[in-house]
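> Attaching a single structure in structure tokens format; questions to follow.
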Amino acid sequence: MERKKLLSIQDLSCYGQCSQTVALPVLSACGFETAVLPTAILSTHTGGFTGFQVQDLTDFMARTLRHWQDEGLRFDAIVTGYLGSKELIALTLQAADTLLAPGGMLLVDPAMADHGKLYAAFDADYAAAMRPLCARADVVLPNTTEASLLLGRPWREDCGDEELSALLEGLRALGAKAAILTSVNPDAEHTGVAVADAKGVSLYRHAREKRDYHGTGDLFSAAFAGAYLSGKPLYEAAGIAADFAAGCIRNTLGDDKHWYGVHFEELLPALAAKL
Ligand code: PXL
């Protein structure tokens, strides 16, 4: 059996169930050899904890890229999430240029904003610096807030059909070969993801859960990468990932102590069985 080799580039939030600590188990469960390149180490994620500690790893990342180039390492895909600074975004572009095998895929989740607001650590310059990475992506996976920021459009929570088409077209015009918009809420009872590639646009809708949790975007991106790189077509992979993220939320509702992320572990075997 030919195993694909993946690289996950994003921060390592030591506590809080997001970024590398969800990407690695999901991609491993999907059957991929997965290397990680942490862009920063944080004591917790930045969504709801106070006093979190951050260790920037820009210098380590630059040295690691040089080392891996010397070793001749190549990856079939690079998946990226929360990075941390403009310098780290530039290094991630460099990783895509130097470490992808011929025909290798770049999947980019800009992971910088939600619900109309940038995350605590980021500003408008960071959002602008994310544009060239998203432009280079084979698949870009922003939520509607991130897509609006990338395209310089005001964010609209209701995001009707016209705005959805404008965002998807804008992302593809930027250069991404395919785009998946998350947190699309067609009405009060439903949520979903809108998928666009050269063949057209389609919306995958499912029931909306009672509340949101941190880390579900990261789980969506990792499960999408697992399904898509396993050979599932774009729309089917997006649906598998959306159902997985919704299942993780349902598995957490009622556990009020676990406000900072979702219980995804029990759902990994069912995800792997779909691929
Ligand atoms: O889940 C996205 C994410 C990743 N990493 C860090 C974060 C967040 C969201 O807040 O703070 C450090």
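Per this note's numbering, numbering through the sequence shown is continuous, rising by one, with the last residue being 332. All C-beta atoms in this analysis are idealised placements derived from N, C-alpha and C, irrespective of residue type, glycine included.
(1) Measuring only the C-alpha atoms, how far is Tyr72 from Tyr270?
(2) Please name the residue or residues paired with Asn200 in a DSSP beta bridge.
(3) If you reduce the DSSP assignment to three classes, tell me which class Glu266 lands in.
(4) Kindly give me the distance between the Cβ atoms of Ala282 and Leu164, rounded to whole angstroms, as I take these residues to be in contact under 8 angstroms.
(5) Under 8 angstroms Cβ to Cβ from Cys216, same chain only, skipping five residues before and after it: list those, please.
(6) Do you know whose CA, among Leu207, Glu128, Val197, Val111, lies nearest Ala177's CA?
(7) Near Met187, what residues of its chain come up, given a Cβ to Cβ distance below 7 angstroms and the 5 sequence neighbours on each side ignored?
(8) Could you tell me the boundaries of the alpha helix (DSSP H) in which Asp182 lies?
(9) For His172, does the count of other Cβ atoms within 10 angstroms reach 16, so buried, or fall short, so exposed?
(10) If you measure from the CB of Ala178, is any heavy atom of ligand 1 nearer than 8 angstroms?
(11) On the DSSP letters alone, give me the boundaries of the beta strand (DSSP E) that Leu164 sits inside.
(12) Could you please give the first and the last residue of the uninterrupted alpha helix (DSSP H) stretch that includes Pro326?
(13) Where does Thr309 fall in DSSP's three states?
(14) Measure the alpha-carbon distance for Lys61 versus Ser100 and round it to whole angstroms.
(15) Give the straight-line distance between the Cα atoms of Asp254 and Ala295, rounded to the nearest whole angstrom.
(16) Let me know the secondary structure DSSP gives Thr149 once reduced to three states.
(17) Under the DSSP definition of a beta bridge, which residues are partnered with Phe132?
(18) Roughly how many whole angstroms lie between the Cα atoms of Leu190 and Pro211?
(19) Would you give the residue range spanned by the beta strand (DSSP E) that Leu69 belongs to?
(20) Any heavy atom of ligand 1 closer than 8 angstroms to the beta-carbon of Gly272?
(21) What does the alpha-carbon distance come out to for the pair Thr248 and Gly227?
(22) In three-state DSSP terms, what is Leu175?
(23) Which residue marks the beginning of the beta strand (DSSP E) containing Asp254, and which one marks its end?
(24) Rounded C-beta distance between Leu286 and Val83? I'm assuming under 8 angstroms.
(25) If I measure Cβ to Cβ from Thr273 and keep anything under 7 angstroms in the same chain, skipping five residues before and after, which residues do I get?
(26) So, at 6 angstroms on beta carbons, what are the nonlocal neighbours of Val136 in its own chain, with the 5 sequence-adjacent residues on each side left out?
(27) Let me know if Thr108 comes out buried or exposed under the rule of 16 or more other beta-carbons within 10 Å of its beta-carbon.
Walking through what the data contain:
(1) The count along the sequence shown starts at 1 and reaches residue 72 at position 15. The count along the sequence shown starts at 1 and reaches residue 270 at position 213. One C-alpha to the other measures close to 15 angstroms.
(2) The count along the sequence shown starts at 1 and reaches residue 200 at position 143. Thr239, per the DSSP bridge assignment.
(3) Residue mapping note: residue 266 aligns to position 209 of the sequence shown, counting from 1. The answer is coil: DSSP assigns Glu266 none of H, G, I, E or B.
(4) Residue numbering aside, residue 282 sits at position 225 when the sequence shown is read from its first letter. Residue numbering aside, residue 164 sits at position 107 when the sequence shown is read from its first letter. Correct: roughly 5 angstroms between the Cβ atoms.
(5) Translated into the one-based positions of the sequence shown, residue 216 becomes position 159. If we look at Cys216 and ignore the five residues flanking it on each side, its Cβ neighbours are Thr201, Leu224, Val241, Asn242.
(6) Mapped onto the sequence shown, residue 177 falls at position 120. Nearest C-alpha to Ala177: Val111.
(7) Along the sequence shown, one-based indexing puts residue 187 at 130. Within the same chain, Met187 has close Cβ partners Ile146, Pro167, Met169, Leu207.
(8) Taking the first residue of the sequence shown as position 1, residue 182 is located at position 125. Note, Asp182: alpha helix (DSSP H), 181-192.
(9) By 1-based counting over the sequence shown, the position of residue 172 is 115. Classification of His172: exposed, given that the 10 Å Cβ count is below 16.
(10) Mapped onto the sequence shown, residue 178 falls at position 121. Indeed, a heavy atom of ligand 1 lies less than 8 angstroms from the Cβ.
(11) As a working note, residue 164 is residue 107 in the sequence shown. Element bounds for Leu164: 157-165.
(12) Counted from its first residue, the sequence shown places residue 326 at position 269. Unbroken alpha helix (DSSP H) run through Pro326: 325-331.
(13) The residue given as residue 309 occupies position 252 in the sequence shown. It is coil, neither helix nor strand.
(14) As a first step, residue 61 must be located in the sequence shown, where it is residue number 4. As a first step, residue 100 must be located in the sequence shown, where it is residue number 43. The straight-line gap from Cα to Cα measures roughly 31 angstroms.
(15) Along the sequence shown, read from residue 1 onward, the residue named residue 254 stands at position 197. Along the sequence shown, read from residue 1 onward, the residue named residue 295 stands at position 238. Asp254 and Ala295: Cα-Cα distance of roughly 12 angstroms.
(16) Position 92 of the sequence shown, counting from 1, holds the residue named residue 149. If DSSP states are grouped into helix, strand and coil, Thr149 belongs with the helices.
(17) Taking the sequence shown and counting its residues from 1, one reaches residue 132 at position 75. In the DSSP output, where bridge partners are listed per residue, Phe132 has Leu157.
(18) Your numbering for residue 190 matches position 133 in the sequence shown. Your numbering for residue 211 matches position 154 in the sequence shown. Roughly 21 angstroms separates the two Cα atoms.
(19) To locate residue 69, count along the sequence shown from 1; it is residue 12. That run of the beta strand (DSSP E) goes 62-72.
(20) What you label residue 272 is simply residue 215 of the sequence shown in a count that begins at 1. The answer is yes for Gly272.
(21) Counting from 1 along the sequence shown, the entry for residue 248 is found at position 191. Counting from 1 along the sequence shown, the entry for residue 227 is found at position 170. If you take the alpha carbons of Thr248 and Gly227, they lie about 21 angstroms apart.
(22) Counting from one through the sequence shown, the residue named residue 175 turns up at place 118. Of the three classes helix, strand and coil, the one that applies to Leu175 here is strand, per DSSP.
(23) The count along the sequence shown starts at 1 and reaches residue 254 at position 197. Asp254 -> beta strand (DSSP E) spans 247-254.
(24) Within the sequence shown, numbered from 1, the residue matching residue 286 stands at position 229. Within the sequence shown, numbered from 1, the residue matching residue 83 stands at position 26. Not quite, the Cβ-Cβ distance comes to about 12 angstroms (not below 8 angstroms), so this is no contact.
(25) The sequence position of residue 273 within the sequence shown is 216, counting from 1. The answer, listed in chain order, is Ala302, Cys305, Ile306, Val319.
(26) Taking the first residue of the sequence shown as position 1, residue 136 is located at position 79. Within the same chain, Val136 has close Cβ partners Ser65, Leu164, Ala282.
(27) Sequence index remark: in the sequence shown, residue 108 carries index 51 (1-based). Reading the sequence as shown, one finds Gly at residue 108 and not Thr. With fewer than 16 other Cβ atoms within 10 Å, it is exposed.
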